[in-house]
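Engineer: Have a look at this one.
And the structure:
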């Protein structure tokens, strides 16, 4: 059976209480410190796994929002067409660029 995060924390608290009360002899101390290190690694791994899973959930939510937002269709007829700029008529010119009149 896999140790749960809650069980690991509870065991760590038990080890800590035993260490604080000096009821652990030196031979047992090494074993408890090693077990504590295992439990801390397990808790860190479970926290990372949970964080990754939560990040994926939010990424999926963000992606779902992006997919559900469709851009508005482009209109084929503009609502407003600015008037064309007025052109000043040019006087007719000959081939050398001189005015004809």
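In the UniProt record's numbering, the protein residues as written are 1 to 101. From the three backbone atoms N, C-alpha and C, an ideal C-beta is built for every residue, glycine too. Source: prediction; values computed, not measured.
1) Using 8 Å as the cut-off, can you tell me whether the segment 12 to 19 makes contact with the segment 31 to 46, which would need three or more C-beta pairs spanning the two stretches below that distance?
2) Would you kindly check if the distance between the Cβ of residue 3 and the Cβ of residue 47 is under 9 Å?
3) Between the Cα of residue 12 and those of 61, 31, 50, 27, spot the shortest distance and give me the residue it belongs to.
Structural biologist: Judging by the given coordinates:
1) Judged by pairs of C-beta atoms under 8 Å, the segment 12 to 19 touches the segment 31 to 46, as three or more such pairs exist.
2) If you number the chain shown from 1, residue 47 lands on position 47. If you number the chain shown from 1, residue 3 lands on position 3. Contact: no.
3) Locating residue 12 in the chain shown gives position 12, where the first residue counts as 1. Per the Cα distances, 31.
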